[in-house]
Structures are given as structure tokens and as C-alpha cells.
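So the sequence shown is numbered by the numbering used here: it starts at 1231 and just counts up by one.
The C-beta atom is built at its ideal place from N, Cα and C for all residues, glycine as well.
The next block holds one structure in the form of C-alpha cells; read it before the comments.
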Amino acid sequence: SHSRLLVKGGKVVNADQSFEADVYIENGIISQVGKNLSTPGGTKVVDATGKLVMPGGIDTHTHMQLPFMGTFAVDDFYTGTKAAISGGTTMIIDFVLDQKGVSLLEAYDKWKGWADPKVCCDYSFHVAVTWWSPQVSEELLELVTNRGVNSFKMFMAYKDVFMLGDADLYEVYKRCRDIGALAMMHAENGDVIAHEQKRMLDLGITGPEGHEMCRPEDVEAEATNRAVMIANRVNCPMYIVHVMSKASADVIVEARRRGNVVFGEPIAAGLGTDGTNYWHKCWRHAAGHVMGPPLRPDTTTPKYLMKLLASGDMECTGTDNCTFNGSQKALGKDNFAKIPNGVNGVEDRMSVIWEKGVASGILDENKFVAVTSTNAAKVFNIYPQKGVIAPGSDADIIVWDPNATRTISAKTHHQAVDFNIFEGMVCHGVTVCTISRGKVVYEDGRFTVSAGDGKYVPRKPFSNYVYDRVLKRREALKPVPVEREPYTGAVYKRKEEKP
Ligand code: DUC
Ligand code: ZN
Ligand code: ZN
Ligand code: ZN
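In C-alpha cells, the structure reads:
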């Protein structure tokens, strides 16, 4: 059936410019953008007068219903994506993340089986590489060629569970480079963390503050530097997920100054709150903020990260949404190392970035669109299908009221989890209407969406956005042997050598 929708009278905000225009949508695709569009009778109209009309957010980093640390994340592909659309996010990129030894193709099929019947918005997958073998190497190519995966995540932390050593990382990066995939890294030194956890517990520190104390900024920055260094040896583009500290961000900025192809991803948690919460007197509150890497006690960190988004030194934003209820966090009530790592964010990322970024005068509205949507579409190679309001693009659109405010609270949020790390935060920027593939899925606080309405979005290898930078870097670094006279003198022979 032919479906039509007109978004009328708003200000279209793209990453490069803003302008007054109507947006006409046919069968899920934007067909016209212009002033005073005339449309056939019976076309549904969304009134956007006085509002901003923006590309829906793309959350580059979620873990819906992840089996992790002895339990499962409570927000699944249904509650997680439903919450996402209420907050103005119309696409998530989740992680296929299974145990060492499991076939990545089987893991991919398992995760897709979980997601397809539940998703309320479009989604895609990164795949985590937690072990390395010739079989895994072949599977990466299959995932890139036939499953639409162009990004693989590795862990330098979670020793014995997900962690890979440097030699394996070198091999995975090289493979990623050869098959046109982006290598993503969880950058923390897992060996040091394991020792520090034991040291803290021996000192009698069992509470959530121990989580931060055993993995301070250096632990993240060192691994970030190592990840970038190894990637640079094999000319593989590198994407550092959840950049949580100034120290790690500085490593990325300096590497980019040298021409390294490295992207940094701040997350909503790190932009909206900080690590002082680990010292909160309420255990549940403190444990509610436990995630890896931790939030930082340096309260100037969130603004520092936001400014790097403004300057273009970091480009995409995610959430690492991976939620656990109080009863699950309590698995670590006597030992912080057993608190399931993860926080919310998928619902609130857009509002938090608007409030702390735009309302605070650090980002303009176009930069907001760039860092919440367009840059992610470019880096992960789904631009211009996603990330822009233009004819031919998917109609993933939000109508945004920049003047309205809402107060974030676990009492009113749409996520399944019983806690919100942004509790009490008053945010300017409210989603009035969310359109997914040309269909209104959320309007004035009401959902008009069903489980399974979202679609899997396959992604092709390297975008030019990434590859052009890699090529430039490769030329600059080409190793050339020195032309010299060969050595013609005597060659020492060891005494014990037989002639
Ligand atoms: N960090 C978290 O906090 N949760 C899931 C995985 C991760 O790396
Ligand atoms: Zn991670
Ligand atoms: Zn409390
Ligand atoms: Zn994660």
C-alpha cells in the first residue's frame, strides 16, 4: 500500500545547514524537501511549526539483553528500542558478543534471532571478536561479505572472558584492514585491572568506589595508546569505544594530529554525569553507575569530552546502554568486581547532549545532528541512507522541541531498568514526534509501534569517509628499505659451530 506523510512548517536541521522546509515522505523514503509542498489529499500531516526537524539519532553502541557477568541486561531489543524512539533515536548499533570458542556466525544468527521479532526501530550489528583462529578469520570475511557487518570490536579488558593479547589484536586488525572493516576497541589494561581488583579487596575496599580506584584514567589511556599504535602498524582504522577520560581523549587527539586514522566515541553517561557517584552513601546509587571503563571522579571530564565533539576531534556518540536492576547489581554487594557493569542511556542520549551541549552553548544545532546521527552514518557506511534529511534517504526523522523541558527519572522513563543515572536532570529538548521508515512511531508521549517493526540495516565495507583517510596515512608511512653497499668483510663463526 502507498503510504504518505508530510512534516509541515518546521526548520530542517542537517549536519551542514538549517532551513525552513516541509518534508514529504512516500513509502518510507523522503521524496521531497521544500517550501509549501502540495501533496495528494488524504496525506497524513505532522505539524512541526516552531519545531526542529532532524535526522533521527543513531546510537552507535548498545547491549540489549546481553548475557553478562552471570545475568542478562534487563532492557531487551523491545524495551530498549521502544525507549530509544521516545528519546529521538531511530537506529541502534548493538554488539553480537559471545564467549570465546563460539562461532561468530552462530553468535550473529543467535543475536539476530533475538532482535528481529522485538525491535521497534532499525538496527545493525557490530560483532565482537573474543578469540582468534583461522576459522574466526574466515568468519570475519563471511560477516563482511554476506551479513552486512563492517565493524568488529575487541577487548583489551575482561581478562579470561573477552580479552585478547596484543599478538592476536595485531592479527585481527590486519584482517580487518584487508577485508575493509573498522576495528573497534574496548581500551583498558585488563591484566593490570585484575591485579588491582585483588589489591583493593585485600585492602578491604569492597564497595563500588573500588571499581574506579582499580582502573584509573592511566589504565584507559595506556590501552588506548597501545590500540592506536598497533592499528597504525597495519594501517587499520581504529574506533575507540566509550572514551571515558580526559587522558584517553588526549591520546586520541594527539594521534589524530599525527594523522592516525582513529575515532573516539564518548557516551551519554560520560557526557552527562561523573564518577563522584561511586562514593555516594547509597550502595544502589553507587553501583548503578558501575560500568567499564568507569566514569571519572574529575568533574570537569564531561565538558572536556563535549568540547572535543564540538571541535571535531571526536565524532560519534553512543551510550553503551547495558542495564541491570538493583537485584542484579547486588550480585556484587560484597565485592565490587562482581557488580554487573552497565548503565542506561539509549532513551536519554539525545536530551543529555542537547542540554549539556547545545543549551550550554558548546554545540550548535548542526553539530548536534552531526554528533548524534550524521557522523555515525558516515563512519559506519550507511550515509546517506541514514543521517540526513534529503530526497532518497530513509524517513527516520524526529520533530524536536528545543524549548520544552523534561526531567529525567526512572519513575517515568520507558526503559525496563529500575534506575536512571541521569535521575533529576532537567533537559531542554523534547521529542515531540518520532518517524521511523516513514511511519509515526511516537507522538505526544504515545507509542504507535509494534515489536518487530524495525529492520536490520546491512552495512558495506569501509566508507570513503574512512578509507580516504587510511589511504592518505598509508602513503605517508610506506616503509622503504635503505639502498646501501653490502657488507663484504669477514663473518664471525661461533666456536662450537660444525663446519
Ligand atoms: N562495559 C559495560 O559497562 N557493559 C557492557 C560491556 C562493557 O564493555
Ligand atoms: Zn566495552
Ligand atoms: Zn539510593
Ligand atoms: Zn559496550
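For this session: Report the rounded CA-to-CA distance for residue 1264 versus residue 1492, giving the unit in angstroms.
Result: 37 Å
Problem set entry | alpha helix (DSSP H) runs wholly inside the stretch 1522-1572, at least 4 long, in chain order | 1531-1541, 1556-1559
For this session: Report the partner residues of residue 1301 according to the DSSP bridge assignment.
Result: 1298
Exercise. Taking the C-alpha atoms as reference points, what is the distance between residue 1248 and residue 1602?
Worked result: 16 Å
For this session: Please classify residue 1270: does DSSP put it in a helix, a strand, or coil?
Result: coil
Problem set entry | Close-in-space but distant-in-sequence residues of the same chain around residue 1620 (CB under 7 Å, 5 per side omitted) | 1260, 1263, 1614
Exercise. If you measure from the CB of residue 1471, is any heavy atom of ligand 4 nearer than 8 Å?
Worked result: yes
For this session: Quick one: residues in its chain with C-beta nearer than 7 Å to the C-beta of residue 1405, no 5 flanking neighbours on either side, listed in chain order?
Result: 1367, 1370
Exercise. Among the residues of its own chain, which have a CB less than 6 Å from the CB of residue 1550, if the five just before and after it don't count?
Worked result: Around residue 1550: 1291, 1472, 1497.
For this session: Name the two residues that bound the continuous alpha helix (DSSP H) containing residue 1427.
Result: 1420-1432
For this session: Under the assumption that residue 1503 contacts residue 1525 (Cβ atoms under 8 Å), give the Cβ distance between them as a whole number of angstroms.
Result: 6 Å
Exercise. Got a sec? Which residues, its chain only, sit under 6 Å from residue 1730 by beta carbon, not counting five neighbours each side?
Worked result: Nothing can be reported for residue 1730, as the shown portion of the chain is limited to 1231 through 1729.
Problem set entry | Three-state secondary structure assigned by DSSP to residue 1703 | helix
Exercise. What is the residue span of the alpha helix (DSSP H) that residue 1310 lies within?
Worked result: 1307-1316
For this session: Give the straight-line distance between the Cα atoms of residue 1428 and residue 1444, rounded to the nearest whole angstrom.
Result: 9 Å
Exercise. Which partner residues does residue 1403 have in the DSSP bridge list?
Worked result: For residue 1403, which the question treats as bridged, DSSP gives no partner whatsoever.
Problem set entry | Which residues DSSP lists as bridging residue 1326, in chain order | 1357
Exercise. So is residue 1721 buried or exposed if we call it buried at 16+ other beta carbons inside 10 Å?
Worked result: exposed
For this session: Give a single yes or no on whether residue 1550 has its beta carbon closer than 8 Å to a heavy atom of ligand 4.
Result: yes
For this session: Measure the Cβ-Cβ separation of residue 1666 and residue 1625 and say whether it is below 9 Å.
Result: Against a cut-off of 9 Å, the Cβ pair of residue 1625 and residue 1666 comes out as a contact.
Exercise. Hey, would you say residue 1638 sits closer than 9 Å to residue 1700, going by beta carbons?
Worked result: no
Problem set entry | Separation of residue 1458 from residue 1335, as counted between CA atoms | So the two alpha carbons sit approximately 27 Å from each other.
Problem set entry | CB-CB length for residue 1236 against residue 1273, believed under 8 Å | Contact between residue 1236 and residue 1273 is confirmed by a C-beta separation of about 5 Å, below the 8 Å threshold.
Exercise. If you drop the 5 nearest sequence neighbours on each side, which residues of the same chain put their C-beta closer than 7 Å to that of residue 1275?
Worked result: 1236, 1238
For this session: Express the C-alpha separation of residue 1327 and residue 1358 in angstroms, rounding to a whole number.
Result: 5 Å
Exercise. What's the gap between the Cα of residue 1289 and the Cα of residue 1573?
Worked result: 14 Å
For this session: With hydrogens ignored, establish whether the beta-carbon of residue 1441 is closer than 8 Å to any heavy atom of ligand 4.
Result: no
Problem set entry | Close beta carbons around residue 1349, own chain, < 7 Å, minus the five adjacent residues each side | 1307, 1311, 1682, 1684
For this session: With a threshold of 16 other CB atoms inside 10 Å of the CB of residue 1717, please say whether the residue is buried or exposed.
Result: exposed
Exercise. Straight-line CA distance for residue 1408 to residue 1703?
Worked result: 15 Å
Exercise. For residue 1509, which option in 1494, 1527, 1578 has the closest C-alpha, if you only look at C-alpha atoms?
Worked result: 1527
Exercise. In angstroms, rounded to a whole number, what distance separates the CA positions of residue 1441 and residue 1657?
Worked result: 29 Å
For this session: State the Cα-Cα distance for the pair residue 1479 and residue 1705, rounded to the nearest angstrom.
Result: Taking the Cα positions, residue 1479 is about 26 Å away from residue 1705.
Problem set entry | CA-to-CA distance, residue 1432 to residue 1317, given in whole angstroms | Spanning the two alpha carbons is a distance of roughly 43 Å.
Exercise. Could you give the distance in angstroms between the alpha-carbon of residue 1417 and the alpha-carbon of residue 1446?
Worked result: 12 Å
For this session: Evaluate residue 1324 with the Cβ neighbour count: other Cβ atoms within 10 Å of its Cβ, from every protein chain shown; 16 or more gives buried, anything less gives exposed.
Result: buried
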